[in-house]
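Everything on this sheet refers to the single structure shown next.
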Amino acid sequence: TQLLEQSPQFLSIQEGENLTVYCNSSSVFSSLQWYRQEPGEGPVLLVTVVTGGEVKKLKRLTFQFGDARKDSSLHITAAQPGDTGLYLCAGEDPGNTPLVFGKGTRLSVIA
Amino acid sequence: EAQVTQNPRYLITVTGKKLTVTCSQNMNHEYMSWYRQDPGLGLRQIYYSMNVEVTDKGDVPEGYKVSRKEKRNFPLILESPSPNQTSLYFCASSLYGVVRYTEAFFGQGTRLTVV
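Chains as they are written, first to last, in the working numbering: chain X, 39 to 149; chain H, 1420 to 1534.
So, in structure tokens, the structure goes:
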């Protein structure tokens, strides 16, 4: 089973600060997805990146897929309390079927 | 509305009493899966199904059963629950096939406590 390592595991910041969370693997993925999970709910897809080096923006969130398609990052600018949640990355193995999930980064943005 | 529906949302049961958690999706997705989520361990896949009558073990299948008799339903069965199966369970579905980069739609979760 391929592994996705997410860091940091926990992050607590003040409103307005910037942050970056990372998703790393030694394996190549066909695509990588980022999900956000709020308390009491299931994960919800934020973005899918497919091409090595690809950058996608979703308002204040910037997602990047590494050139070698082994890693990804999520950068949040001017974090807000509404960004609080568990951020999960999930990789699609080109040779296998199930999505591989990282353990997540739990973000807390304090007003 | 496209959705994955799990029932029940909360369940407290006793060791050894068989239970079933239902999962249904209305998006005609081929692929369905079950995960358990535990603190510090993340989402771990229990079983998945590529289509009707096709199921495969995930990373943590011990103590669980599934069936896929219809495309829309994918129940999770615990024949003899034990306390170490206390967890938050999620069902998910997605398209799979020609279009591979499709999102997983998750249910709202079932919080199971086995005493």
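Just so you know, even glycine gets a beta-carbon here, dropped at the ideal spot from N, CA and C.
In this structure, DSSP gives H:Q1527 a state outside helix and strand, which the three-state scheme calls coil. Under the Cβ criterion of 8 Å, X:Q102 is not counted among the residues facing chain H. The three-state secondary structure of X:D121, taken from DSSP, is helix.
Using a CB distance cut-off of 8 Å, X:L137 counts as an interface residue toward chain H. Contacts between X:P81 and chain H, judged by CB atoms closer than 7 Å, involve F1525 in chain order. The C-alpha of H:F1493 lies about 18 Å from the C-alpha of H:Q1456. Within the region 55–81 of chain X, S68, S69, Q71, Y73, Q75, G78, E79, G80, P81 place their CB atoms closer than 9 Å to a CB of chain H, listed in sequence order. A distance of 8 Å or more separates the beta carbons of H:V1471 and H:Q1444. Between the C-alpha atoms of X:I114 and H:S1499 there is a straight-line separation of about 45 Å. For H:Y1429, none of the residues of chain X pass the 8 Å Cβ criterion, the least Cβ distance being about 11 Å. Annotation for X:K94: the continuous beta strand (DSSP E) segment containing it runs 93–96.
Nearest neighbour of H:G1459 by Cα position, chosen from X:A149, X:A116, X:K141, turns out to be X:K141. With a threshold of 8 Å between beta carbons, H:Q1422 makes no contact with chain X. Residues of chain X whose Cβ lies closer than 9 Å to the Cβ of H:Q1504 do not exist, since the nearest Cβ in that chain is about 19 Å away.
Under the three-state reduction of DSSP output, H:Q1504 falls in the helix class. In the displayed model, H:K1490 falls within coil according to three-state DSSP, outside both helix and strand. The beta carbons of X:G129 and X:A106 sit about 13 Å from each other, so the pair does not count as a contact at 8 Å. Within chain X, the residues Q71, Y73, V82, L83, T86 have their CB atoms less than 9 Å from the CB of H:E1522, given in chain order.
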